[in-house]
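Residue numbers for the sequence shown, in this note's numbering: 1 to 409.
We put the beta carbon where it would ideally sit given N, CA and C, even for glycine.
Here is the structure we will look at, set down as structure tokens.
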Amino acid sequence: MMNGFTTTILHSDLESPIEHNSVHKPMHMAVAFGYPDARDLAKVFKGEMAGYAYGRQGNPTTAALESKITKMEAGVATACFGTGMAAIAAVFIALLRKGDHVVSSSFLFGNTNSLFGTLNELGCEISFVDATDVENVTRAVRPNTRLVFVETIANPRTQVADLARIGEYCAAHKLLYVVDNTLTTPYLYQPKRHGAGLVVNSLTKNICGHGNALGGAVTDTGLFDWTRFPNIYENYKNAKPAQWGILQIRKKGLRDVGGTLVAESAHRIAIGAETLALRMDRCSDNALKLARFFEAHPKITRVYYPGLEKHAQHRLASDWFKTYGPLMSIELADGIDCFDFLNRLKLVILSSHLGDNRTLAIPIAHTIYWEMGAERRKEMGIVDSLIRLSIGIEDYADLEADFKNALDA
Ligand SMILES: *Cc1c(COP(=O)(O)O)cnc(C)c1O
1 MMNGFTTTIL HSDLESPIEH NSVHKPMHMA VAFGYPDARD LAKVFKGEMA GYAYGRQGNP
61 TTAALESKIT KMEAGVATAC FGTGMAAIAA VFIALLRKGD HVVSSSFLFG NTNSLFGTLN
121 ELGCEISFVD ATDVENVTRA VRPNTRLVFV ETIANPRTQV ADLARIGEYC AAHKLLYVVD
181 NTLTTPYLYQ PKRHGAGLVV NSLTKNICGH GNALGGAVTD TGLFDWTRFP NIYENYKNAK
241 PAQWGILQIR KKGLRDVGGT LVAESAHRIA IGAETLALRM DRCSDNALKL ARFFEAHPKI
301 TRVYYPGLEK HAQHRLASDW FKTYGPLMSI ELADGIDCFD FLNRLKLVIL SSHLGDNRTL
361 AIPIAHTIYW EMGAERRKEM GIVDSLIRLS IGIEDYADLE ADFKNALDA
């Protein structure tokens, strides 16, 4: 990336001529793509000529977004999906086979955790480890381990994975290292810096930011040597080895499963991405000030936020991330009912979702983490009074006043 982060995103579409001199890549809604020469149609199918075959596998609007995300992650190629979960599922479905083993952080987005349960039923084994220490990862690796999966900052308790040392270990052992970068976004952190081979982003969150489109992406950083990966099908080995992984993810994960990102959502996400840096700076600034406010408040017993000095990975987070992002969690003092507290908030919206322009709050054990049961919640350190906050870009004084009011009532 020669230009800065925001300049690069703003001018990405203009690198190749856009239809009718439009400054945004237009929304291409067509499902079918017609070719005047049948030989060209065949070449597109064989991958011998650039072009589009059928809307499920992509369209020019989605391709323009893929190119932006590739630049944002300093990668070599990106495949977009209809949601972040579709992107994560595509990685596993495309790359794992029965009998394979995965080492994953145990501090996981709830639906990723649930998906691992399904994979387990299908014959893959998953070891969940505390990934804040590389030692736990290395101890879990076996000869049939195909990949290591972590999130940068875990939701909801904001544990930061031992990103650099896990990356070093995976590089030394030629293991595929997959990082879910959703909570940091490529503006705060590029997992490639620490050796990630694949990076996943839920585009629904801060990258889109406005809560008006779902999307996900898988980016190949170019660091992993796919010739060492045993699960690549022979017919995808005609391409250059650097493309094997993303090609198989596109064919087996996108084409065969059909979690396609529609052009209208790709357009909205691309517009959102233009202001990602501005919004991340603003929400991170609000979040750090609020975290300090909560830390000093007698009715709050714990604040989980990597920007606070007493957070266990504060020093690492400061070294690696540009700012600490929008997500934090708080625990209320005994005797305060979390539902009553939440109901007193007037501005903050009681809602699932995160990485939105608006500040959102949710009692996590009673909602998102309900289905997994009390035992797994306990393993993950999720108590009943834990409230997850996703801080938005409102004016700070209004946010502090709303929380102060709800706490002091
Ligand atoms: C939201 C989220 C996902 C899933 O994204 P969707 O777009 O909602 O499917 C995956 N990982 C993390 C860390 C998330 O926060």
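Own chain, CB closer than 6 Å to residue i, minus 5 neighbours either side, in chain order
{"i": "Gly253", "result": "Ala90, Ile93, Ala94"}
{"i": "Lys259", "result": "Per the sequence shown, residue 259 should be read as Gly rather than Lys. These residues qualify, in order along the chain: Phe81, Gly82, Ala86."}
{"i": "Val200", "result": "Ala87, Ile88, Asp180, Val218"}
{"i": "Pro186", "result": "Met72, Glu73"}
{"i": "Val303", "result": "Ala291, Phe294, Glu295, Ile330"}
{"i": "Ile300", "result": "Phe294, Ile330"}
{"i": "Ala409", "result": "Arg344"}
{"i": "Val31", "result": "Gly55"}
{"i": "Thr6", "result": "Ala277"}
{"i": "Tyr415", "result": "The structure shown does not extend to residue 415, since the chain is modelled only from 1 to 409, so the question has no answer here."}
{"i": "Asn136", "result": "Val129, Asp130"}
Cβ-based neighbour list, residue i, same chain, cut-off 8 Å, excluding 5 preceding and 5 following
{"i": "Gln313", "result": "Thr132, Gln159, Val160, Pro306"}
{"i": "His20", "result": "Pro26"}
{"i": "Leu14", "result": "Val23"}
{"i": "Ile364", "result": "Pro156, Ser329, Ile382, Leu386, Ile387, Arg388"}
Minimum C-alpha distance to residue i - residue among the options
{"i": "Gly169", "options": "Val141, Asp180, Ile69", "result": "As written in the sequence, residue 169 is Tyr, which differs from the Gly given in the question. Taking only the C-alpha atoms, the option nearest Tyr169 is Val141."}
{"i": "Ala74", "options": "Asn357, Thr219, Lys346", "result": "Thr219"}
{"i": "Met328", "options": "Glu295, Asp319, Leu316", "result": "Glu295"}
{"i": "Ser265", "options": "Arg157, Ile207, Thr227, Arg302", "result": "Ile207"}
{"i": "Arg282", "options": "Leu223, Gly355, Val76", "result": "Gly355"}
{"i": "Phe415", "options": "Val383, Ala361, Val76", "result": "Beyond the ends of the chain as shown, which are 1 and 409, falls residue 415; an answer cannot be given."}
{"i": "Asn144", "options": "Tyr35, Arg97, Ile364", "result": "Arg97"}
{"i": "Arg376", "options": "Thr62, Leu108, Val102, Asp100", "result": "Leu108"}
{"i": "Gly245", "options": "Leu261, Phe224, Ala263", "result": "Phe224"}
{"i": "Leu175", "options": "Lys251, Pro230, Lys289", "result": "Pro230"}
{"i": "Thr367", "options": "Arg358, Ile382, Ala30", "result": "Ile382"}
{"i": "Tyr391", "options": "Ser351, Asn405, Ala406", "result": "Looking at the sequence shown, residue 391 is not Tyr but Ile. If we check each option's Cα against that of Ile391, Ser351 comes out closest."}
{"i": "Asp319", "options": "Phe149, Val31, Ala164, Met29", "result": "Ala164"}
{"i": "Pro241", "options": "Tyr35, Val76, Ser16, His28", "result": "Val76"}
{"i": "Glu138", "options": "Asn120, Glu125, Ser104, Ala154", "result": "Residue identity check: residue 138 is Thr in the sequence provided, not Glu. For the residues Asn120, Glu125, Ser104, Ala154, the minimum Cα distance to Thr138 belongs to Ser104."}
{"i": "Val262", "options": "Ala63, Asp40, His173", "result": "Ala63"}
{"i": "Tyr177", "options": "Ala317, Gly58, Leu198", "result": "Leu198"}
{"i": "Leu125", "options": "Thr204, Asp100, Glu135", "result": "Reading off the sequence shown, one finds Glu at residue 125, where the question assumed Leu. Minimum Cα distance to Glu125 is reached at Asp100."}
{"i": "Ala171", "options": "Ala154, Val148, Ile153", "result": "Val148"}
{"i": "Glu394", "options": "Glu379, Arg358, Leu407", "result": "Arg358"}
{"i": "Arg228", "options": "Arg146, Lys289, Ile153, Leu115", "result": "Arg146"}
{"i": "Pro441", "options": "Ile336, Gly51, Arg39", "result": "This structure leaves residue 441 out entirely; the chain is present only between 1 and 409."}
{"i": "Gly84", "options": "Gly51, Leu115, Ala50", "result": "Leu115"}
{"i": "Asp398", "options": "His311, His173, Ala287", "result": "Ala287"}
Separation of residue j from residue i, as counted between CA atoms
{"i": "Gln248", "j": "His11", "result": "30 Å"}
{"i": "Asp256", "j": "Ile232", "result": "16 Å"}
{"i": "Gly55", "j": "Phe33", "result": "8 Å"}
{"i": "His353", "j": "Phe339", "result": "18 Å"}
{"i": "Asp130", "j": "Ser106", "result": "6 Å"}
{"i": "Tyr396", "j": "Leu276", "result": "19 Å"}
{"i": "Ser202", "j": "Arg157", "result": "18 Å"}
{"i": "Trp226", "j": "Ala53", "result": "26 Å"}
{"i": "Asn111", "j": "Gly117", "result": "10 Å"}
{"i": "Leu183", "j": "Ile18", "result": "32 Å"}
{"i": "Gly4", "j": "Glu151", "result": "25 Å"}
{"i": "Ala374", "j": "Arg268", "result": "38 Å"}
{"i": "Leu308", "j": "Gly167", "result": "25 Å"}
{"i": "Leu65", "j": "Ala79", "result": "9 Å"}
{"i": "Asp285", "j": "Phe128", "result": "33 Å"}
{"i": "Arg315", "j": "Phe341", "result": "32 Å"}
{"i": "Lys237", "j": "Trp370", "result": "43 Å"}
{"i": "Lys289", "j": "Met2", "result": "33 Å"}
{"i": "Asn120", "j": "Ile153", "result": "24 Å"}
{"i": "Asn405", "j": "Met380", "result": "30 Å"}
{"i": "Arg39", "j": "Met372", "result": "52 Å"}
{"i": "Gly51", "j": "Ala401", "result": "54 Å"}
{"i": "His173", "j": "His311", "result": "30 Å"}
{"i": "Asn235", "j": "Gln57", "result": "18 Å"}
{"i": "Arg250", "j": "Ala317", "result": "33 Å"}
Cut-off 7 Å between Cβ atoms - residues of its own chain near residue i, not counting five sequence neighbours on either side
{"i": "Lys68", "result": "Ile9, Ser12, Ala270, Ala273"}
{"i": "Leu188", "result": "Met280, Phe321, Lys322, Thr323, Gly325"}
{"i": "Gln190", "result": "Glu73, Ala74"}
{"i": "His28", "result": "Asn59, Pro60, Thr61, Ala263"}
{"i": "Lys205", "result": "Thr182, Leu354, Gly355"}
{"i": "Asp162", "result": "Ala131, Thr132, Asp133, Val134"}
{"i": "Gly123", "result": "Lys98, Gly99"}
{"i": "Gly222", "result": "Gly75, Val76, Ala242"}
Below-8 Å beta-carbon distance, residue i vs any chain B residue
{"i": "His267", "result": "Here there is only one protein chain, and chain B is not present."}
How do the stretch 385-402 and the stretch 326-333 stand: do at least 3 beta-carbon pairs fall below 8 Å, yes or no? Enough Cβ pairs lie closer than 8 Å, so yes.
Is the stretch 212-223 touching the stretch 36-48 in the sense that three or more CB pairs, one from each, lie closer than 8 Å? Judged by Cβ distances under 8 Å, the stretch 36-48 makes no contact with the stretch 212-223, as fewer than three pairs qualify.
For the stretch 346-359 against the stretch 193-201, are there 3 or more C-beta pairs whose distance is under 8 Å? Too few Cβ pairs lie closer than 8 Å, so no.
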